[in-house]
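A.B. asks: Just so you know, we're using numbering that gives the first Met the number 0 here: the sequence shown kicks off at 0 and counts up by one.
We treat Cβ as the ideally placed atom computed from N, Cα and C, and that holds for glycine.
Got a structure for you, questions after.
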Amino acid sequence: MKYTFTQTDFDVFNIDGLENRMAALIENTRPKLEQLGEHFSDYITEMTGDETYAHVAKHARRTTNPPDDTWVAFSTNPRGYKMMPHFQIGVYNSHAFCMYGIIYESKDKQRLAENWLKNMDKFENLPQDYQISLDHMKPAKTALNEMTEDELEKGLIRLRDVKKGEFLVGKVYKPGDEELSSDDVFVKDLEQVMENLLQFYHQN
0 MKYTFTQTDF
10 DVFNIDGLEN
20 RMAALIENTR
30 PKLEQLGEHF
40 SDYITEMTGD
50 ETYAHVAKHA
60 RRTTNPPDDT
70 WVAFSTNPRG
80 YKMMPHFQIG
90 VYNSHAFCMY
100 GIIYESKDKQ
110 RLAENWLKNM
120 DKFENLPQDY
130 QISLDHMKPA
140 KTALNEMTED
150 ELEKGLIRLR
160 DVKKGEFLVG
170 KVYKPGDEEL
180 SSDDVFVKDL
190 EQVMENLLQF
200 YHQN
């Protein structure tokens, strides 16, 4: 499939060794990320009115340890995405994801976190199976319907006050999920997720 992650993409991250894993990733998964990047950079540009660029992970700095995930991120800066809130589509061995959020490199983290804290009611507008990540480097995520309002608030306070604090929200896809059954179904679902998360984009 052109866009959709399959079992082959999840299994890439079970391959031992940097060279072998990267070879499989480049052959199987990166072309899908590039296609997703092309489609959704245009889609986000149209949705927001802001020129948006795709950044596909290259993992070029790795010399020993193979990557545990890979992704394409979207930002209004053609040179990078980590310094600003951004959308990400990516995959681990256990799940794929589409998320929007703020990671520790963000230049304006404190102000952004305050904005999100003032608008916590927006989380009530989301499907409650959407998930929160407090560390984009780790696969662990928690569904909104498993978090209290206090826990959400603590996550955003940590984003504001802790240098390494991060906060991302979005949808997770497990191997075998119906949303991964075809390109058309997957792309339409990703578009809906981004539309649902757009309310956070607009409060930046």
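Looking at E104: is its Cβ nearer than 7 Å to the Cβ of K81?
C.D. replies: yes
A.B. asks: Which of the three DSSP states, helix, strand or coil, is assigned to G154?
C.D. replies: helix
A.B. asks: Buried or exposed, going by whether 16 or more other CB atoms sit within 10 Å of the CB of H85?
C.D. replies: buried
A.B. asks: At what residue ranges does the segment 65-126 contain a whole run of the beta strand (DSSP E), taking only runs of 3 or more?
C.D. replies: 69-74, 85-90 and 95-101
A.B. asks: State the start and end residues of the unbroken beta strand (DSSP E) segment that holds Q130.
C.D. replies: Q130 to S132
A.B. asks: I want to know whether the segment 33-49 touches the segment 58-67 - three or more CB-CB distances under 8 Å.
C.D. replies: No: fewer than three Cβ pairs fall under 8 Å.
A.B. asks: Below 7 Å CB to CB, which residues in the same chain sit around V171 once its five sequence neighbours on both sides are set aside?
C.D. replies: Within the same chain, V171 has close Cβ partners H94, F96, Q130 and K140.
A.B. asks: What whole-angstrom Cβ distance do L125 and L143 have, given they're in contact under 8 Å?
C.D. replies: At roughly 6 Å, the Cβ-Cβ gap stays under 8 Å, so L125 and L143 are in contact.
A.B. asks: Going residue by residue through the segment 0-59, where are the continuous beta strand (DSSP E) segments of at least 3 residues, counting only ones entirely within it?
C.D. replies: Runs of the beta strand (DSSP E) inside the segment 0-59: 52-55.
A.B. asks: Please state whether DSSP places K170 in a helix, a strand or coil.
C.D. replies: strand
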